[in-house]
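Data block below; observations after.
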């Protein structure tokens, strides 16, 4: 797999002057390194006797990491090893167990077969040795065996197996092997030719498979030079890359689909009785050929796809293995789901080897990076259905994208789903309709953000004007009766699924991300700082996002247990008789505590301000003073539902009876609490701790911050500020505010915008 860098971003000036424009800014995209058939060694001896295979009990996955000298020479190797590489390896060792345990005392890898001309095209034969059917080289072995670009150490290699005069021969030295090892991961940082193809961070693949199970037992990751770093922002990205890459090598790869087995170790794809390899021929993936898989693994189906130009027929490649189906049907709340879609964008390294971005946006195994990535139970189910592993579902993160949204979300176009939700009087989440026009300055509002579906970050709606018309099947919006040009922030109308004279399709309006079929959704964002400073993002758990009290216009708190809370419109800043819009409006990150005595859920803002949220969907007033700036803050928070974050015993009983709420409150609830759904499969330690907060909610980090904040942030209006609700005005051109504006020119980067 390969990660590519491109640059794109939004720029925003504070208060009411907002400008969006495209720039060159770092982002990460992934292209899987699909290994050709000729580069993978199969039938490596791991299990002593076939008849004992099914008697072996499951065991933990034991991964041995071998660091090439090119990695060890990095100046911050020890820190990278501790905070990135070891963390990723330990995660998968905890998340996966071997379904069939290897009883071989030491793991030895086969020497590579001779694939140059002297081997006559890589001819091999199967022979039985020690009751195992193994591959023998016809014309001898290479002197050096490689796993990708890395030379495998001699101590990891078995003797060379080859055939001479009709007899099988074992020659050369045999290495010592590796004790207590099920998978060897080779890590290097070599300046290969692939590293010079675009801006590549690294790539990975498997290189050897076990006999009797076809399970990968060796793989590699090559991080391109100068891409690994010990900065906080580098560690976050590198950890994502390592986790993602390692799972590709362990089995999540289109090049291994034909090797998958059922839970009794029977191949899901028919085998050639002579070679014991998949018998359905080869499939072309990019420039490489891989073994064709059967429709018991991945199937091609026709789906109805609605756009502004009517209904289309869309071919979808769906994973149909039993555990994936069972878990996905429960997760999406779709009993008739026929499979989970793989990425359909026909691009080498992306197509068929990642989950569809539209359906599982911030999942680890989609093709783009986000710093709020999650490991879903669907990915763990996929690893179970390789036939090689058992999954520990407690290691799946608190993944919520698309959870419980039904069959129209999981199987139809985003337009059809959004229309269905509108007809039901419900929000269209996780999609959105608010356009972000380029080079536009608004005098009515700040940059509009909203909580993302997981409830622990916020972002922009990535609906934009594209420079060229989109494919007709990906046009979802129409101009409608009102002129769309009169108000660039006006929400474009959803198409009705057919073209009319009145409803002209907006061919250039769509979501920014092609991998998501141009469906618009709220993207978590990140903005630049100086090169030697950590980047800042909109994820509530990132401590680096801490803001100095004097510049904390939304009174946010970024802690390991913070949540995203929606704001009501027009969060205002006042200075004497002047009123300003906040540079960012719509949502913020806050800590919380749970106390039945205080009314259930209590939202904790900077400066020691605590606001009880008694009725979900209602608003609570926020008043504070930033003393050094002389700015009064006037806004409202929209209360989330208590039971989504607290033990139900800490929540008042009436909170669970929405039918008793006033109709206007119910309307507000539908509009503003959409991001907070019950945590599906929330079995992680973090989610469990979050769900069981008590009234004695306190952390050393919070305490240290709050010791400073009360000196700057006062929980009431500043003495000189008016409490009137006057409308927004322009920014005064006083020297003090000119300095303030220059301090808060943010370069917003969308890590999910990779084009």
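In mature numbering (1 follows the signal peptide of the UniProt record, and there is no 0), the protein residues as written are -27 to -1, 1 to 728.
Glycine residues also receive a C-beta, built at the ideal position from the N, C-alpha and C atoms.
Treat the numbers as computed from the prediction; the structure is a model and nothing was measured.
ask   = Mind pulling the alpha helix (DSSP H) runs of 4 or more residues that sit fully within the stretch 104 to 154?
value = Note on the stretch 104 to 154: there is no whole alpha helix (DSSP H) run with a minimum of 4 residues.
8 Å contact criterion, which residue 189 and residue 164 should meet: CB distance rounded = The residue labelled residue 189 in the question sits at position 216 within the chain shown. The residue labelled residue 164 in the question sits at position 191 within the chain shown. Rounded to whole angstroms, the Cβ separation of residue 189 and residue 164 is 26 Å, and the two are not in contact under 8 Å.
task = With a threshold of 16 other CB atoms inside 10 Å of the CB of residue 436, please say whether the residue is buried or exposed.
result = On the chain shown, position 463 is the one that residue 436 refers to. Classification of residue 436: buried, given that the 10 Å Cβ count is 16 or more.
Residue 169 classed as buried or exposed, judged by whether at least 16 other C-beta atoms fall within 10 angstroms = Within the chain shown, the letter at position 196 stands for residue 169. With fewer than 16 other Cβ atoms within 10 Å, it is exposed.
key: Own chain, CB closer than 7 Å to residue 739, minus 5 neighbours either side, in chain order   = With the chain covering only -27 through 728, there is no way to say anything about residue 739.
Same chain, Cβ closer than 7 Å to residue 563, five either side skipped, listed in chain order = For the purposes of this step, residue 563 is taken as residue 590 along the chain shown, with counting starting at 1. The residues 529, 530, 535, 536, 538, 576, 577 and 578, in chain order, have a CB closer than 7 Å to that of residue 563 in the same chain once the five nearest residues on each side in sequence are set aside.
message = Check for me: the alpha helix (DSSP H) holding residue 350 runs from which residue to which?
response = By one-based count along the chain shown, residue 350 stands at place 377. Boundaries of the alpha helix (DSSP H) around residue 350: 350 to 357.
query = For residue 629, does the three-state DSSP call read helix, strand or coil?
reply = The count along the chain shown starts at 1 and reaches residue 629 at position 656. Here the model assigns residue 629 a pLDDT of 46, short of 50, so the residue's position is not dependable and the matter cannot be decided.
inquiry  = For residue 195, report the span of its beta strand (DSSP E) as first-last.
reply    = On the chain shown, residue 195 is found 222 positions in, with the first residue counted as 1. Taken as a continuous stretch (DSSP letters only), the beta strand (DSSP E) holding residue 195 covers 189 to 196.
query = Could you give the residue range of the alpha helix (DSSP H) that holds residue 393?
reply = In the chain shown, counting from the first residue as 1, residue 393 sits at position 420. From DSSP, the alpha helix (DSSP H) with residue 393 extends over 387 to 396.
query = On the premise that residue 558 lies in contact with residue 407, defined as a C-beta separation below 8 Å, what is that separation, rounded to the nearest angstrom?
reply = Counting from one through the chain shown, the residue named residue 407 turns up at place 434. Counting from one through the chain shown, the residue named residue 558 turns up at place 585. Residue 407 to residue 558, Cβ: 12 Å. No contact.
task = For residue 177, count neighbouring Cβ atoms within 10 angstroms of its own Cβ and tell me buried if that reaches 16, exposed if not.
result = Residue numbering aside, residue 177 sits at position 204 when the chain shown is read from its first letter. Flag for residue 177 reads buried.
task = Would you mind working out which of 364, 107 and 394 sits nearest residue 377, comparing C-alpha positions?
result = Working through the chain shown from its first residue, we reach residue 377 at position 404. Check the Cα spacing between residue 377 and each of 364, 107 and 394: the tightest is with 394.
query = Can you check whether the CB of residue 159 is closer than 9 Å to the CB of residue 191?
reply = For the purposes of this step, residue 191 is taken as the residue at position 218 of the chain shown. For the purposes of this step, residue 159 is taken as the residue at position 186 of the chain shown. Yes, the pair counts as a contact, with Cβ atoms nearer than the cut-off.
task = Would you be able to state if there are at least three C-beta pairs under 8 Å between the stretch 334 to 346 and the stretch 54 to 72?
result = Verdict: no, contact absent.
inquiry  = Rounding to the nearest angstrom, what Cα-Cα distance links residue 162 and residue 295 in this structure?
reply    = On the chain shown, residue 162 is found 189 positions in, with the first residue counted as 1. On the chain shown, residue 295 is found 322 positions in, with the first residue counted as 1. Taking the straight line joining both Cα atoms gives about 38 Å.
Contiguous alpha helix (DSSP H) assignments of at least 4 residues, all confined to the stretch 31 to 66 = Runs of the alpha helix (DSSP H) lying entirely within the stretch 31 to 66, each at least 4 residues long, are 42 to 45 and 50 to 53 in chain order.
message = I need the straight-line Cα distance from residue 382 to residue 314, nearest angstrom please.
response = Taking the chain shown and counting its residues from 1, one reaches residue 382 at position 409. Taking the chain shown and counting its residues from 1, one reaches residue 314 at position 341. So the alpha carbons of these two residues sit roughly 12 Å apart.
ask   = So, does the CB of residue 168 fall closer than 9 Å to a CB anywhere in chain C?
value = Given the protein chain composition of this structure (a single chain), no chain C is represented.
ask   = Can you find at least 3 beta carbon pairs, one from the stretch 545 to 556 and one from the stretch 620 to 627, that sit closer than 8 Å?
value = Result no; under three Cβ-Cβ pairs closer than 8 Å.
query = For residue 434, which of helix, strand or coil comes out of DSSP?
reply = Stepping through the chain shown from its first residue, residue 434 is reached at position 461. DSSP places residue 434 in strand when its eight states are reduced to three.
Residue 776, DSSP secondary structure in three states = Limits of the chain in this structure are -27 at one end and 728 at the other, which puts residue 776 out of reach.
query = For the 8 Å Cβ check, are there 3 or more pairs between the stretch 328 to 338 and the stretch 260 to 273?
reply = A contact is defined here as three or more CB-CB pairs under 8 Å, and the stretch 328 to 338 fails this definition with respect to the stretch 260 to 273.
query = Nearest-angstrom Cα distance between residue 220 and residue 603?
reply = Here residue 220 is taken as the residue at index 247 of the chain shown, counted from 1. Here residue 603 is taken as the residue at index 630 of the chain shown, counted from 1. If I take the Cα positions, the gap works out to 52 Å.
query = Is there contact between the stretch 481 to 498 and the stretch 423 to 436, where contact requires at least three CB pairs shorter than 8 Å?
reply = Touching, yes, given that three or more Cβ pairs across the two stretches are closer than 8 Å.
key: Neighbourhood of residue 65 by C-beta, 8 Å cutoff - its chain only, sequence neighbours within 5 removed   = The count along the chain shown starts at 1 and reaches residue 65 at position 92. Same-chain partners within the cutoff: 34, 36, 216, 219, 220 and 223.
task = Please classify residue 209: is it buried, with 16 or more other beta-carbons within 10 angstroms of its beta-carbon, or exposed?
result = On the chain shown, residue 209 is found 236 positions in, with the first residue counted as 1. Burial call: buried.
inquiry  = What does DSSP give as the partner residue(s) for residue 314 in the beta ladder?
reply    = Here residue 314 refers to the residue found at position 341 of the chain shown. DSSP output for residue 314 lists 291 as bridge partner(s).
inquiry  = Using 8 Å as the cut-off, can you tell me whether the stretch 366 to 375 makes contact with the stretch 240 to 248, which would need three or more C-beta pairs spanning the two stretches below that distance?
reply    = The stretch 366 to 375, when compared against the stretch 240 to 248, does not touch it at the 8 Å Cβ threshold.
ask   = DSSP three-state call for residue 334: helix, strand or coil?
value = As a position in the chain shown, residue 334 is number 361, starting the count at 1. Coil at residue 334, not helix or strand.
task = Kindly identify the DSSP beta-bridge partner or partners of residue 249.
result = Counting from 1 along the chain shown, the entry for residue 249 is found at position 276. Residue 249 is not bridged to any residue.
request  = Express the C-alpha separation of residue 351 and residue 187 in angstroms, rounding to a whole number.
outcome  = Within the chain shown, the letter at position 214 stands for residue 187. Within the chain shown, the letter at position 378 stands for residue 351. A direct Cα-Cα distance of roughly 22 Å separates residue 187 from residue 351.
query = If you draw a straight line from the C-alpha of residue 428 to the C-alpha of residue 545, how long is it?
reply = Locating residue 428 in the chain shown gives position 455, where the first residue counts as 1. Locating residue 545 in the chain shown gives position 572, where the first residue counts as 1. Cα-Cα distance, rounded: 23 Å.
query = Does the distance from the CB of residue 580 to the CB of residue 685 come in under 9 Å?
reply = As a working note, residue 580 is residue 607 in the chain shown. As a working note, residue 685 is residue 712 in the chain shown. Yes, they are a contact pair.
Pairwise C-alpha distance: residue 307 and residue 340 = One-based indexing of the chain shown puts residue 340 at position 367. One-based indexing of the chain shown puts residue 307 at position 334. C-alpha separation (whole angstroms): 24 Å.
query = Which residue's Cα is closest to the Cα of residue 522: 582, 533 and 478?
reply = Walking along the chain shown from the start, residue 522 turns up at place 549. Selection 582, 533 and 478 evaluated against residue 522 yields 582 as nearest (Cα-Cα).
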